[in-house]
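Novice: Numbering (our numbering), first residue to last: 3 to 336. Below: one structure in structure tokens.
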């Protein structure tokens with residue numbers, strides 16, 4: 003266990019999410035006292051990495067930033083919370099076209115109301131805002147932190163609006179925010195509608211995998227353990243008001259990624275995949291320049307894509323019966 007260097011507890015908003023639950027596990031390993039807050043009840047432990055090992059002090063509150071902000075702030079004030087790390091957001095790009103108001107309610111309006119309350123909480127020393135590279139839209143080359151926003155979906159616009167608001171809060175109130183944007187995150191415990199666990203599960207259960215647009219879009223995948231490590235470093239030592247990109251640097255098309263997984267599982271690509279139309283507003287590429295966090299905080303991604311995929315395959319195999327019985331499609335919660 004590593005000394006946490008924190009003067010009080012850490013609140014992890016969105017602690018039931020894949021990234022939130024994985025960061026919670028990482029923080030507990032480092033001796034932090036963590037208070038998890040999510041709007042949904044805790045899911046099966048197979049999706050909660052912080053339940054896989056017993057360590058640290060953790061408490062959970064089921065609270066929704068859309069409807070129970072006052073209760074969330076009561077927890078922050080009552081527990082003298084030192085740091086808030088916010089993974090809570092309405093995700094999913096394609097689905098945001100279907101009811102965009104839900105995305106703006108959570109990702110913009112409720113999030114900005116949260117910021118306005120947190121800036122008045124004296125115990126809060128740092129606020130880590132977990133954003134998304136989707137705010138940049140479709141890009142060419144490596145994207146640095148100063149790249150102008152050019153969002154192309156309701157999801158991306160809703161996130162960009164909150165990010166821009168945070169800049170004004172930092173300038174006007176010295177609100178102690180640091181922002182992270184990670185490339186495509188993956189690892190054991192991820193939701194089954196994401197491409198890596200969905201591909202593995204499709205192969206192992208014999209179901210067809212729908213590959214949107216033929217899988218031509220380029221992405222850079224980064225293991226959640228590397229993301230958690232970077233987020234921890236940024237939380238402690240990242241310069242206030244700054245944005246930090248997190249990327250492993252390797253670029254791969256979704257088609258190639260699926261092919262690698264098929265090869266690892268001795269599966270035939272053509273028998274596994276069905277090509278379907280591309281999603282509306284899908285960005286063909288965004289590759290993040292992560293030299294800032296590497297140079298300023300000494301961070302480096304350590305998990306190779308091949309090793310990370312092996313971990314994901316082992317996780318699915320170890321829990322195959324349970325995972326095969328879980329919903330494999332995203333279910334929208336207004």
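Glycine is no exception: its CB is placed at the ideal position from the N, C-alpha and C atoms.
Helix, strand or coil: how does DSSP classify residue 36 here?
Specialist: The sequence position of residue 36 within the chain shown is 34, counting from 1. In this structure, residue 36 counts as strand in the three-state DSSP scheme.
Novice: Under three-state DSSP, which class holds residue 15?
Specialist: Here residue 15 refers to the residue found at position 13 when the chain shown is read from its first residue. Three-state result, residue 15: strand.
Novice: Decide yes or no for the touch test of the segment 248–261 against the segment 289–305: beta carbon pairs closer than 8 Å, at least 3 of them.
Specialist: The segment 248–261 vs the segment 289–305: in contact.
Novice: Is it buried or exposed for residue 264, if we count other Cβ within 10 angstroms and need 16 for buried?
Specialist: The residue labelled residue 264 in the question sits at position 262 within the chain shown. The residue in question, residue 264, is buried, as its Cβ has 16 or more Cβ neighbours within 10 Å.
Novice: Counting C-beta neighbours from all protein chains within 10 Å, is the total for residue 34 16 or more, i.e. buried, or is it exposed?
Specialist: Start at 1 with the first residue of the chain shown, and residue 34 comes out as number 32. Buried: at least 16 other Cβ atoms inside 10 Å.
Novice: From residue 43 to residue 59, what distance separates their C-alpha atoms?
Specialist: Mapped onto the chain shown, residue 43 falls at position 41. Mapped onto the chain shown, residue 59 falls at position 57. For residue 43 and residue 59, the distance between alpha carbons rounds to 19 Å.
Novice: Starting from the Cα of residue 261, find the closest Cα among 297, 156, 214 and 201 and give me that residue.
Specialist: The residue given as residue 261 occupies position 259 in the chain shown. Here the closest residue by C-alpha is 201.
Novice: Please name the residue in 77, 57, 175 and 69 whose C-alpha comes closest to that of residue 113.
Specialist: The residue you call residue 113 lines up with position 111 of the chain shown. Checked all of 77, 57, 175 and 69; the closest Cα to residue 113 is 69.
Novice: Buried or exposed for residue 331, going by 16 or more other Cβ atoms inside 10 Å?
Specialist: Sequence index remark: in the chain shown, residue 331 carries index 329 (1-based). Residue 331 is exposed by the Cβ-count criterion.
Novice: Quick one: any contact between the segment 202–211 and the segment 165–173, if contact means 3 or more CB pairs under 8 Å?
Specialist: Counting Cβ pairs under 8 Å, fewer than three are found: no touch.
Novice: On the DSSP letters alone, give me the boundaries of the beta strand (DSSP E) that residue 129 sits inside.
Specialist: Counting from one through the chain shown, the residue named residue 129 turns up at place 127. From DSSP, the beta strand (DSSP E) with residue 129 extends over 128–132.
Novice: Give the secondary structure of residue 219 by DSSP, where H, G and I count as helix, E and B as strand, and everything else as coil.
Specialist: Your numbering for residue 219 matches position 217 in the chain shown. Coil at residue 219, not helix or strand.
Novice: How about residue 198 and residue 221: do their beta carbons lie closer than 8 Å?
Specialist: Your numbering for residue 198 matches position 196 in the chain shown. Your numbering for residue 221 matches position 219 in the chain shown. No, these two residues do not count as a Cβ contact at 8 Å.
Novice: Measuring alpha carbon to alpha carbon, tell me which residue in 47, 243 and 269 is nearest residue 325.
Specialist: Stepping through the chain shown from its first residue, residue 325 is reached at position 323. Nearest option by C-alpha distance: 47.
Novice: Where in the segment 110–172 do unbroken runs of the beta strand (DSSP E), each at least 3 residues long, occur, reported from the N-terminal end onward?
Specialist: Counting only runs of 3 or more, we get 128–132.
Novice: Just to check, is the beta-carbon of residue 48 closer than 7 Å to a non-hydrogen atom of the ligand GTP?
Specialist: In the structure shown, the ligand GTP is absent, as is every other ligand, since no ligand is present at all.
Novice: Tell me whether residue 296 sits in a helix, a strand or coil according to DSSP, three-state version.
Specialist: As a working mapping, residue 296 is identified with position 294 in the chain shown. Helix, per DSSP.
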